[in-house]
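Report on the following structure.
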Amino acid sequence: MTVEKVGNGAKQRARRAELMIREGDPLAPHAAFRKVGGANDPDMQVVTDELAATRLASQVAAARAAALEAELDVAKKATTTEQKRNAAIVAKAQISEKVAADAQKRAEEALGRAKKAEIAVRQVKTLPGIKGRLVRWLVGDVLRD
133 MTVEKVGNGA KQRARRAELM IREGDPLAPH AAFRKVGGAN DPDMQVVTDE LAATRLASQV
193 AAARAAALEA ELDVAKKATT TEQKRNAAIV AKAQISEKVA ADAQKRAEEA LGRAKKAEIA
253 VRQVKTLPGI KGRLVRWLVG DVLRD
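First residue of the sequence shown? That's 133 in my numbering, and the numbers climb one at a time after it.
Laid out in structure tokens, this is it:
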């Protein structure tokens, strides 16, 4: 950190800001500070034990965060897959219910038609003459009295 003179502080700050945002090629902040006399700033290349420990802790935390994010992604994918599977099962069940209802309706309609046909045949069998005998002979194997 540099120590600024009381009367000259605003000028130095303005000069530093000007150097940092110079058009064309902005300088790194530390290089700009050194250029205007801030050479007493600590060198960022020197790594202390505390800084190394902090960096290591930061890297460990970042690795743990990445691992947790990966676990979260896997859990989300598993949940999404399970939801899709459940939705497919529900859709198949609904289709099966509809097919069963349609089949039952068709069976009831066929049973109704068969009953009507049986009633019609019984009525025709009672006809006098050749028509009745012919119907009795043709339907005799199908409908026993």
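Ideal placement from N, C-alpha and C gives every residue a C-beta, glycine not left out. Quantities reported herein were computed from a predicted structural model and do not represent experimental measurements.
When DSSP assignments are scanned along the segment 186-221, no uninterrupted stretch of beta strand (DSSP E) that is 3 or more residues long falls wholly within it.
Taking 8 Å as the upper bound for CB-CB distance, residue 259 and residue 271 are not in contact here, some 12 Å apart. Taken through DSSP and simplified to helix, strand or coil, residue 266 comes out as helix. In this structure, the CA atom of residue 206 is about 10 Å from the CA atom of residue 200. Residue 257 counts as buried, since no fewer than 16 other beta carbons sit within 10 angstroms of its beta carbon. Take the alpha-carbon of residue 183 and the one of residue 221: they are about 56 Å apart.
In the displayed model, residue 272 falls within coil according to three-state DSSP, outside both helix and strand. Taken through DSSP and simplified to helix, strand or coil, residue 261 comes out as coil.
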